[in-house]
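Each residue of the sequence shown is one higher than the one before, starting from 5 at the first, in my numbering. Don't be surprised by glycine CBs; every beta carbon is placed ideally from N, CA and C. The next block holds one structure in the form of structure tokens; read it before the comments.
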Amino acid sequence: MNLTGTPFFVLTILLFVGSIALAMAQWRGRGVFGWVPGVRAPGGDAPTGDVPDGGGPTGGVPGGGVPGVAVPGAGARRGRGPLRALSYLGTILLCQFTAVAMVFVVVNNENQLYDNWGDLLGTSNHVRAVPVPPKDEGLAGDRAAASAAASAGASATPAPKVPQAFHTPDSDAVPRSVKQADLKGKLSGVDGEVLVWTPPQYDDPAYKDKTFPVVELLAGYPGASSAWFGDTMDAAKQLEPLMKSGQVTPFILVSPRVTLLGKTDTGCADVPGKVNADTWLSRDVPQMVMDNFRADTTADRWALSGYSAGAHCASRLALAHPNRYRAAISMSGYNDPAGEAVSLTAKDPKLRETSNPLYILTHAATPPNVALYVTGKRGDGLEDATALQQAAKSPTTVTPVETTGAHLTSTWKPLVVPTFKWLTGIIPPR
5 MNLTGTPFFV
15 LTILLFVGSI
25 ALAMAQWRGR
35 GVFGWVPGVR
45 APGGDAPTGD
55 VPDGGGPTGG
65 VPGGGVPGVA
75 VPGAGARRGR
85 GPLRALSYLG
95 TILLCQFTAV
105 AMVFVVVNNE
115 NQLYDNWGDL
125 LGTSNHVRAV
135 PVPPKDEGLA
145 GDRAAASAAA
155 SAGASATPAP
165 KVPQAFHTPD
175 SDAVPRSVKQ
185 ADLKGKLSGV
195 DGEVLVWTPP
205 QYDDPAYKDK
215 TFPVVELLAG
225 YPGASSAWFG
235 DTMDAAKQLE
245 PLMKSGQVTP
255 FILVSPRVTL
265 LGKTDTGCAD
275 VPGKVNADTW
285 LSRDVPQMVM
295 DNFRADTTAD
305 RWALSGYSAG
315 AHCASRLALA
325 HPNRYRAAIS
335 MSGYNDPAGE
345 AVSLTAKDPK
355 LRETSNPLYI
365 LTHAATPPNV
375 ALYVTGKRGD
385 GLEDATALQQ
395 AAKSPTTVTP
405 VETTGAHLTS
415 TWKPLVVPTF
425 KWLTGIIPPR
């Protein structure tokens with residue numbers, strides 16, 4: 005059973021109520037582990053609390069037996085004390101466990117931290133292999149290179165599109181209008197789910213020959229791909245009416261898996277021998293989208309948006325790949341990968357330096373044609389946003405926005421609409 009959504013939440017409520025009912029039954033002397041003092045035992049025996057050792061209430065044996073004659077079950081009743089104590093202790097622990105589980109599910113549903121048991125326990129590993137990625141030729145690189153070779157007289161044809169199977173999302177928290185692909189990354193060696201939502205215009209006959217811009221949505225760490233579409237961020241629900249009214253560009257929204265190494269944050273980087281997270285997000289996922297949807301194939305029509313660790317990734321990927329992305333929205337992100345305690349990129353000094361968006365920006369051969377919208381409060385991203393703004397040179401633009409909320413999805417969810425209105429100014433409808 006999935007950890008997010010209504011079914012598991014209802015199950016935890018039932019377990020909690022059941023544990024409380026068991027505790028009350030034991031307290032009232034009706035538990036399955038024995039009778040408490042003062043409650044008449046089965047078969048008409050005197051209350052166990054009124055029976056002295058060796059005799060009944062009047063000095064005889066309970067039930068009218070003869071003094072000195074052993075009564076079957078008397079020793080068992082005397083032995084119920086330790087067993088009863090253990091049963092009470094077990095029930096108390098059960099009540100505590102189910103209460104904690106219920107609170108966890110409430111928090112998890114609110115923030116969409118873990119979709120399944122593997123993510124929760126840190127046992128899931130979505131890295132099938134770690135090949136050396138081929139040279140980056142840009143968003144539609146393979147096909148563009150093949151087409152260019154063909155036009156130059158070489159016997160080359162554009163690479164064929166690879167159809168992908170889709171199904172309803174595994175997470176019950178995700179609307180049924182969202183499609184899920186279980187993608188096996190060809191270039192990255194990463195396997196993971198990718199959630200895709202198409203705007204209302206996509207199925208409108210008037211737009212049947214139109215292509216659409218794309219925004220990749222990146223969750224924090226820990227964070228599930230379902231977070232952007234579930235109640236946590238409600239991106240599609242918030243943006244759909246604005247897309248219909250023309251206030252927001254009709255983007256295809258794509259939320260790929262970002263938790264790839266269990267209890268380790270990849271930093272959305274390619275780390276030799278460990279993971280190709282960058283290649284997964286910037287190459288495999290976009291290629292699948294372009295192969296299966298009427299998606300624009302030029303970098304000026306693609307963007308990223310993320311919160312927390314996903315915000316770091318959004319800035320990092322956009323600045324590192326201006327040949328793939330035009331803009332990025334970063335909500336309460338950070339520049340130094342060490343901002344995430346379990347970041348893989350923070351463990352190596354050189355990788356920590358080169359994975360820093362500020363370093364990428366200041367060491368670019370030419371200023372990238374990328375627009376960043378970076379939010380944060382003092383002590384939580386604002387200073388990093390200001391540093392990026394001060395380092396930016398045309399055509400790079402950085403828009404820092406101060407927020408006041410805590411480092412929670414309740415702060416970022418209300419930012420979805422204003423950030424996408426800003427993004428509409430960068431990537432307008434056409």
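Beta strand (DSSP E) segment containing Leu256, residue limits: Taking the first residue of the sequence shown as 1, we reach residue 256 at position 252. Position check: residue 256 holds Ile in this sequence, whereas Leu was assumed. Ile256 -> beta strand (DSSP E) spans Ile256 to Pro260.
Report yes if the CB atom of Val279 is closer than 7 Å to the CB atom of Val182, and no otherwise.
-> Position 275 of the sequence shown holds residue 279. Position 178 of the sequence shown holds residue 182. Val279 places its beta carbon 7 Å or farther from that of Val182.
*asked:* Relative to the C-alpha of Leu348, which candidate in Asn296, Asp288, Asp282 and Thr302 has its C-alpha closest?
replied: In the sequence shown, residue 348 corresponds to position 344, counting from 1. Ranking the options by Cα distance to Leu348, first place goes to Asp282.
The region 291 to 302 in contact with the region 253 to 269 per 3-pair CB rule at 8 Å: Output reads yes: the region 253 to 269 touches the region 291 to 302.
Can you list, in chain order, the residues of its chain with a C-beta nearer than 8 Å to that of Lys425? Leave out the 5 residues immediately preceding and following it. The count along the sequence shown starts at 1 and reaches residue 425 at position 421. Within the same chain, Cβ atoms closer than 8 Å to the Cβ of Lys425 are found at Leu246, Gln251 and Val252, the five residues on either side in sequence being excluded.
Quiz item: Of the choices Asp288, Ser229, Val289 and Val178, whose alpha-carbon is the least far from that of Asp235?
Solution: Here the question's residue 235 lines up with position 231 in the sequence shown. Cα-wise, what sits closest to Asp235 is Val178.
Q) Thinking just about the alpha-carbon of each residue, which of Ala395, Tyr211 and Val346 is nearest to the one in Thr366? A) For the purposes of this step, residue 366 is taken as the residue at position 362 of the sequence shown. Comparing Cα-Cα distances from Thr366 to each of Ala395, Tyr211 and Val346, the minimum goes to Ala395.
inquiry  = According to DSSP, Thr401 sits in a beta bridge with which residue or residues?
reply    = Position 397 of the sequence shown, counting from 1, holds the residue named residue 401. Ala375.
Verify whether the separation of the beta carbon atoms of Pro372 and Thr400 is less than 7 Å.
Along the sequence shown, one-based indexing puts residue 372 at 368. Along the sequence shown, one-based indexing puts residue 400 at 396. The answer is yes: Cβ separation under 7 Å.
Q) To which residues of the same chain is Ser334 closer than 6 Å at the C-beta, ignoring the five residues directly before and after it? A) Looking up residue 334 in the sequence shown gives position 330. Contacts found: Ala315, Ala318, Ser319 and Val378.
Q. Can you tell which of Arg88, Arg382, Phe12 and Leu15 has the C-alpha that lies nearest to the C-alpha of Trp31?
A. Locating residue 31 in the sequence shown gives position 27, counting from the first residue. When only C-alpha atoms are compared, the closest one is Arg88.
Could you spell out the range, first to last residue, of the beta strand (DSSP E) harbouring Leu199? For the purposes of this step, residue 199 is identified with residue 195 of the sequence shown, where counting begins at 1. Where Leu199 is concerned, the enclosing beta strand (DSSP E) stretches over Asp195 to Trp201.
Quiz prompt | Euclidean distance between Cα positions of Ala210 and Asp238 | solution = To locate residue 210, count along the sequence shown from 1; it is residue 206. To locate residue 238, count along the sequence shown from 1; it is residue 234. Whole-angstrom Cα-Cα distance: 27 Å.
Could you tell me which of Lys354, Val107, Leu93 and Ala29 sits nearest to Ile17, measuring between CA atoms?
Residue numbering aside, residue 17 sits at position 13 when the sequence shown is read from its first letter. It is Val107.
One or two residues paired with His171 in a DSSP bridge
For this step, residue 171 is matched to residue 167 along the sequence shown. Partner residues in the beta bridge of His171, as assigned by DSSP, are Gln184.
Q) What span of residues does the beta strand (DSSP E) with Trp306 cover, start to end? A) Here residue 306 refers to the residue found at position 302 of the sequence shown. Unbroken beta strand (DSSP E) run through Trp306: Trp306 to Tyr311.
Can Leu376 and Ala313 be called in contact, C-beta distance under 7 Å?
Looking up residue 376 in the sequence shown gives position 372. Looking up residue 313 in the sequence shown gives position 309. It is not a contact, given that the beta carbons lie outside the stated cut-off.
Self-check item: 8 Å contact criterion, which Pro11 and Asp207 should meet: CB distance rounded
Solution: Mapped onto the sequence shown, residue 11 falls at position 7. Mapped onto the sequence shown, residue 207 falls at position 203. With a Cβ gap of about 29 Å, Pro11 and Asp207 do not count as contacting.
So if DSSP puts Ala332 in a beta bridge, which residue, or which two residues, is it bridged to?
Here residue 332 refers to the residue found at position 328 when the sequence shown is read from its first residue. Ala332 pairs with Leu308 and Leu376.
Comparing alpha-carbon positions, which option in Arg287, Ile24 and Ala163 lies nearest Gly193? As a position in the sequence shown, residue 193 is number 189, starting the count at 1. With distances taken between Cα atoms, Gly193 lies closest to Arg287.
Residue range of the unbroken alpha helix (DSSP H) whose run includes Glu244:
Within the sequence shown, the letter at position 240 stands for residue 244. Counting along the chain, the unbroken alpha helix (DSSP H) around Glu244 starts and ends at Ala239 to Ser249.
Fill in: Residues bridged to Asp269 [DSSP beta-bridge criterion]
Taking the first residue of the sequence shown as 1, we reach residue 269 at position 265. According to DSSP, which records beta bridges pairwise, Asp269 is partnered with Ser347.
| query | Which two residues bound the contiguous alpha helix (DSSP H) that contains Leu392? | reply | Translated into positions along the sequence shown, residue 392 becomes position 388. Boundaries of the alpha helix (DSSP H) around Leu392: Leu386 to Ala395.
Limits of the alpha helix (DSSP H) - the one that Glu357 falls within
In the sequence shown, the residue the question calls residue 357 occupies position 353. Bounds of the alpha helix (DSSP H) holding Glu357 are Pro353 to Thr358.
Practice item. Report the residue from Lys214, Ala350 and Ile430 whose alpha carbon sits nearest the alpha carbon of Asp269. Key: Translated into the one-based positions of the sequence shown, residue 269 becomes position 265. For Asp269, the nearest C-alpha among the options comes from Ala350.
Q. Using a Cβ-Cβ cut-off of 6 Å (strictly less than) and excluding sequence neighbours within five positions of Ala185, which residues of its own chain qualify?
A. Walking along the sequence shown from the start, residue 185 turns up at place 181. Taking C-beta separations shorter than 6 Å and ignoring five residues to either side along the sequence, the partners of Ala185 in its chain run Gln168, Phe170 and Val198, following chain order.
* With a threshold of 16 other CB atoms inside 10 Å of the CB of Leu97, please say whether the residue is buried or exposed. => Within the sequence shown, the letter at position 93 stands for residue 97. Residue environment analysis places Leu97 among the exposed positions, since fewer than 16 neighbouring C-beta atoms fall within 10 angstroms of its C-beta.
Taking DSSP's pairing of strands, which residues face Asn280 in a bridge? Within the sequence shown, residue 280 is the residue found at index 276, counting from 1. Asn280 pairs with Asp274.
message = Judging by CA-CA distance, which residue of Arg328, Ala25 and Tyr311 is the nearest neighbour of Gly145?
response = Residue 145 sits at position 141 when you count from the first residue of the sequence shown. Minimum Cα distance to Gly145 is reached at Arg328.
> Since Trp201 contacts Ala240 with CB under 8 Å, what's their CB separation in whole angstroms?
Replying inline: As a position in the sequence shown, residue 201 is number 197, starting the count at 1. As a position in the sequence shown, residue 240 is number 236, starting the count at 1. Rounded, the Cβ-Cβ distance is 5 Å, consistent with contact.
How many angstroms separate the CA atom of Asp352 from the CA atom of Tyr338?
The sequence position of residue 352 within the sequence shown is 348, counting from 1. The sequence position of residue 338 within the sequence shown is 334, counting from 1. Computed Cα separation, rounded: 17 Å.
Query raised in the report: Would you call the CB atoms of Val219 and Ala307 closer than 7 Å?
Result: Numbered from 1 along the sequence shown, position 215 holds the residue referred to as residue 219. Numbered from 1 along the sequence shown, position 303 holds the residue referred to as residue 307. Closer than 7 Å, so yes.
Quick one: grab the DSSP three-state call for Phe233. By one-based count along the sequence shown, residue 233 stands at place 229. Coil, per DSSP.
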